[in-house]
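Everything below concerns the one structure shown next.
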Amino acid sequence: MSNHLSDDCFFCKITKGQIPSYKILETDLNYAFLDIGPLAEGHTLIIPKYHCDRMDEVPDEYLAEILPLAKKIATALGLVDYNVLQNNGKIAHQHVFHVHFHVIPKPNSEEGLIIGWPRVEQPKDVLTKTQQNITQKL
0 MSNHLSDDCF FCKITKGQIP SYKILETDLN YAFLDIGPLA EGHTLIIPKY
50 HCDRMDEVPD EYLAEILPLA KKIATALGLV DYNVLQNNGK IAHQHVFHVH
100 FHVIPKPNSE EGLIIGWPRV EQPKDVLTKT QQNITQKL
């Protein structure tokens, strides 16, 4: 898999063992390790062993394994409340440009992921048009 990794990427270097990490698990396609700046104890990152900036660039076989791995990690941590987060692009809060998924425990209201959700109600005609635009491109 190393032929799909970048020599200049921090996360690729972790998967190749060039930078130490607190490895949680590893498969042929993905690598999971503790976040060194966790939002809560057990905050884990899952990264494909395939260098891409955004999720839509990652081959499906890597992505197909990630949610089952997130489930295993959440179960191993004994989590009841948690977030699985993945950001694409700078304005979407991506800071390391290698696709990664966060498993973030939410033990209480002060720890874990804290977000706002500026919900905006949409008229049915706008939702219908959006639906049609998406489904026509699938």
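Using numbering that gives the first Met the number 0, the first residue of the sequence shown is number 0, and each one after it goes up by one. The beta carbon of each residue, even a glycine, is placed where N, CA and C say it ideally should be.
**Study point:** Strand pairing of Ala31, partner residues [DSSP]
**Key:** Locating residue 31 in the sequence shown gives position 32, counting from the first residue. Answer is Leu24, Ile45.
Point to revise | Environment of Thr127 [buried if 16+ CB atoms lie within 10 Å] | key: Numbered from 1 along the sequence shown, position 128 holds the residue referred to as residue 127. Classification of Thr127: exposed, given that the 10 Å Cβ count is below 16.
**Study point:** Straight-line Cα distance separating Tyr81 from Phe9
**Key:** Position 10 of the sequence shown, counted from the first residue, corresponds to residue 9. Position 82 of the sequence shown, counted from the first residue, corresponds to residue 81. Near 26 Å, if we compare the C-alpha coordinates of Tyr81 and Phe9.
Check your understanding: For His99, which residues from the same chain have a beta carbon less than 6 Å from its beta carbon, with the 5 sequence-adjacent residues on both sides left out?
Key -> Numbered from 1 along the sequence shown, position 100 holds the residue referred to as residue 99. Excluding sequence neighbours, His99 sits near Leu44, Ile46.
Review point. What are the start and end residues of each continuous beta strand (DSSP E) run of 3 or more residues lying completely inside the region 55-95, in chain order?
Key: Restricting attention to beta strand (DSSP E) runs no shorter than 3 residues, the region 55-95 encloses them at 81-84, ordered along the chain.
Check your understanding: Does the distance from the C-beta atom of Glu56 to that of Leu28 stay below 8 Å?
Key -> For the purposes of this step, residue 56 is taken as residue 57 along the sequence shown, with counting starting at 1. For the purposes of this step, residue 28 is taken as residue 29 along the sequence shown, with counting starting at 1. In this structure, Glu56 sits away from Leu28, with a CB-CB distance that is not shorter than 8 Å.
Review point. Do you know how far the Cα of Ser5 is from the Cα of Val102?
Key: Start at 1 with the first residue of the sequence shown, and residue 102 comes out as number 103. Start at 1 with the first residue of the sequence shown, and residue 5 comes out as number 6. Near 24 Å, if we compare the C-alpha coordinates of Ser5 and Val102.
Point to revise | Neighbourhood of His50 by C-beta distance below 7 Å, restricted to the same chain and skipping five residues each side | key: For the purposes of this step, residue 50 is taken as residue 51 along the sequence shown, with counting starting at 1. Hits under 7 Å: His3, Leu4, Ser5, Cys8, Cys11, His97.
Check your understanding: If we ignore side chains and look at the alpha-carbon of each, how far apart do Arg118 and Gly16 end up?
Key -> By one-based count along the sequence shown, residue 118 stands at place 119. By one-based count along the sequence shown, residue 16 stands at place 17. Answer to the nearest angstrom: the Cα atoms are 42 Å apart.
Point to revise | Whole-angstrom distance between Pro19 and Asp34, CA atom to CA atom | key: Numbered from its first residue, the sequence shown carries residue 34 at position 35. Numbered from its first residue, the sequence shown carries residue 19 at position 20. Here the C-alpha atom of Asp34 lies approximately 12 Å from the C-alpha atom of Pro19.
Practice item. Could you spell out where the alpha helix (DSSP H) holding Ile133 opens and where it closes? Key: Translated into positions along the sequence shown, residue 133 becomes position 134. Start and end: 123-134.
Point to revise | Assigned exposure category for His42 - 16 Cβ within 10 Å defines buried | key: As a working note, residue 42 is residue 43 in the sequence shown. Flag for His42 reads buried.
Point to revise | Helix, strand or coil at Ile13 [DSSP, three-state] | key: On the sequence shown, residue 13 is found 14 positions in, with the first residue counted as 1. Three-state result, Ile13: helix.
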